[in-house]
Amino acid sequence: MMIRNVFGLLLPLALTAQLAGYAALVVHAANEKQGAQHYELSRGAGEKRSECVGMVRIGPGIAAMDLEATRTDSDDAQISLRGTRDSVVCEAILHPAMRAVLGRSIVQFHNGTTLPLAQVLRQILEAGKQPRMAQTVTSTALDRIQVHALHAVVVYEGKAHLPDSHPIETPQGTIHITVEKTREPITLFLMSYNPVDWRISAVPGARIGSVILRGYYRQTIRGLDKTVPVNTASTEDDNWDDLFPRTLVTSRDGLIDFKAYVRAMAGVEPATVQSLHTGDSIVIDGKTTLEFPAPIEVPITQPVVFKSESESSARFRGRNMISPDRLTVGYGMSGASTESIATMPHSSGRWYAEFIVHAGADNAVPISWTNVGIRSTANESGGLTSHGGQLAYGVKQYLRNVGGLRDKDVIGLAMDLTRGHLYVRHNGVWVGGSPDSGNPILQIVRDRQYVVAVEVGSPGGDYSKSDTWSGNFGATPFRHPVPDGFLPYEGRRLK
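Residue numbers (this note's numbering): 36 to 530.
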């Protein structure tokens, strides 16, 4: 969504709301060339400058990409508006001072609907007063459930049948699950990011022994025999545990990771896995499952450069986070940090690339989220600081003994996918061990597809002071020699 605004950009922003018990976030995108605007905002006797912050989804009933609200102990109303999926929002406290401004501020949603901001705020208040979606079953502790042969369905959302719903609502979708005849009892593992009402139909002879229900938002389930135990967890049930990243399985590596995730939770791997972005009608037949071919190395026919999921949102804000040659990247205006990866992954062989960091302000790289490393292509987001947790290997923490990561440092990454080794070079000196030593700084999981990646921390609102990374994948001479037995990341030997 974006906000159209009719008052001057040079005026301090003072918005109004008699909305007790809420606090507010606002994105202002009236001038895309200048990006997100910053204002002095009145709050009581003092003033608060807006700060760029990452969006956090809070509370039921409000669409993740449209509006968000959270209760506070103050007498302000807090609302956040997003321009695109990956954009950053700027915090602004709405003070009850100039009611007319709310009426002149128009919220435009992704579907084209427009509403006065004042009306949106009122509807948020009304939504907040509504009771949470009622849970349809009583949750049984996971350690008290017998887990049988497990069949998993993983979706982002269910099909919604609410054409008249207001655009700020996150409608509960519906998914119909048909379970065919089984010889032995089975366990259903059902997961969705958005709220879903799972409708279960068991044909004669189908034996459902237990159900594990997971969702970021509350999931409900119907059609089960009352004797079937169900374990539920979501943020709205106050018994949250981590979801599988994105709640979707879209690659071979992702399937391997998902099976490991379920095994850690339930003690067994799923016998079958089905994954859809939007689920509607799904059949559990004990045969239908995801399959992906093993990764293979493909010839590199184009120069390797950077790409980023945050690029479109940065462009929406009037900022080009990637240079014209696509070899230098900065902050993409999305949360605490944004990530850029190489356009070509590798699944086998030995590869070398170099990266130069440019500090945006006061050589402050050591205290930022700026990082460099590799990650599995199964999870191309989440930050390199989540080291190893999702096969994301950031190396910054290993540079502390050599002075940390500082302006104009040259970091070389030697990735040995045959042995599962990652070697790191800091300004020409190997950290921990050289490739000849066989003593890598990191052991990485083999039989996966990896891509080199850089992460840039938020500059805290002054985007001109963003850190940047410049990458060399082998199109030009490296600062330091390519290790014996390794090839430039692009796959072309330098002459």
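The beta-carbon is built from N, C-alpha and C at its ideal position, and this holds for glycine as well.
Inter-residue Cα distance where the pair is residue i and residue j
| i | j | result |
| --- | --- | --- |
| residue 271 | residue 251 | 8 Å |
| residue 99 | residue 516 | Residue confidence for residue 99 is low, a pLDDT of 27 falling below 50, so the modelled location carries little weight; the figure read from the coordinates is stated next. Approximately 48 Å, taken between the alpha carbons. |
| residue 357 | residue 379 | 17 Å |
| residue 127 | residue 222 | Residue placement at residue 127 is poorly supported in this model, since its pLDDT is 33, which falls under 50; the coordinates still yield a value, given next. Going by the C-alpha atoms only, they are around 47 Å apart. |
| residue 235 | residue 325 | 21 Å |
| residue 298 | residue 177 | 13 Å |
| residue 426 | residue 467 | 20 Å |
| residue 565 | residue 479 | The structure shown does not extend to residue 565, since the chain is modelled only from 36 through 530, so no value can be given for it. |
| residue 174 | residue 248 | 9 Å |
| residue 439 | residue 336 | 36 Å |
| residue 179 | residue 186 | 19 Å |
| residue 481 | residue 474 | 16 Å |
| residue 341 | residue 389 | 13 Å |
| residue 404 | residue 370 | 11 Å |
| residue 456 | residue 267 | 39 Å |
| residue 259 | residue 319 | 15 Å |
| residue 284 | residue 432 | 30 Å |
| residue 476 | residue 460 | 10 Å |
| residue 188 | residue 353 | 40 Å |
| residue 224 | residue 419 | 29 Å |
| residue 351 | residue 343 | 14 Å |
| residue 294 | residue 471 | 35 Å |
| residue 191 | residue 301 | 21 Å |
| residue 184 | residue 291 | 17 Å |
| residue 519 | residue 355 | 37 Å |
| residue 327 | residue 500 | 43 Å |
| residue 359 | residue 312 | 33 Å |
| residue 253 | residue 233 | 11 Å |
| residue 483 | residue 442 | 32 Å |
| residue 316 | residue 289 | 23 Å |
For residue i, the first and last residue of its enclosing beta strand (DSSP E)
| i | result |
| --- | --- |
| residue 385 | 385-393 |
| residue 348 | Unbroken run through residue 348 is the alpha helix (DSSP H), 346-351; no beta strand (DSSP E). |
| residue 486 | 485-492 |
| residue 191 | 184-193 |
| residue 211 | 208-214 |
| residue 374 | 372-377 |
| residue 410 | 406-411 |
| residue 224 | 221-227 |
| residue 309 | 307-314 |
| residue 427 | 427-429 |
Residue nearest to residue i in terms of C-alpha spacing, selected from the options
| i | options | result |
| --- | --- | --- |
| residue 464 | 290, 446, 277, 183 | 446 |
| residue 430 | 363, 306, 409 | 409 |
| residue 220 | 188, 178, 509, 264 | 264 |
| residue 387 | 186, 283, 245, 510 | 510 |
| residue 169 | 382, 193, 269 | 269 |
| residue 287 | 227, 329, 436, 266 | 329 |
| residue 393 | 489, 521, 283 | 489 |
| residue 366 | 321, 383, 359, 345 | 345 |
| residue 376 | 295, 238, 171, 505 | 505 |
| residue 347 | 461, 523, 518, 374 | 374 |
| residue 512 | 501, 318, 524 | 524 |
| residue 314 | 352, 501, 212, 291 | 212 |
| residue 338 | 508, 244, 228, 448 | 508 |
| residue 458 | 484, 412, 521, 227 | 521 |
| residue 256 | 485, 280, 241, 231 | 231 |
| residue 193 | 207, 171, 303 | 207 |
| residue 321 | 217, 484, 487 | 217 |
| residue 485 | 183, 331, 323 | 331 |
| residue 323 | 280, 308, 290, 333 | 308 |
| residue 310 | 280, 449, 391, 182 | 280 |
| residue 261 | 210, 254, 246, 275 | 246 |
| residue 28 | 413, 215, 406 | Given a span of 36 to 530 for the chain in the structure shown, any question on residue 28 remains unanswerable. |
Strand pairing of residue i, partner residues [DSSP]
| i | result |
| --- | --- |
| residue 460 | 447, 465 |
| residue 523 | 387 |
| residue 504 | 364, 392 |
| residue 343 | None, per the DSSP bridge assignment. |
| residue 233 | 210, 256 |
| residue 478 | 456 |
| residue 437 | Beta-bridge pairing links residue 437 to no other residue. |
| residue 515 | Beta-bridge pairing links residue 515 to no other residue. |
| residue 318 | 213 |
| residue 174 | 265 |
| residue 357 | 364 |
Q) What are the uninterrupted segments assigned as beta strand (DSSP E) that are 3 or more residues long and contained completely in the region 241-305, given in chain order? A) 243-250, 255-257, 265-268
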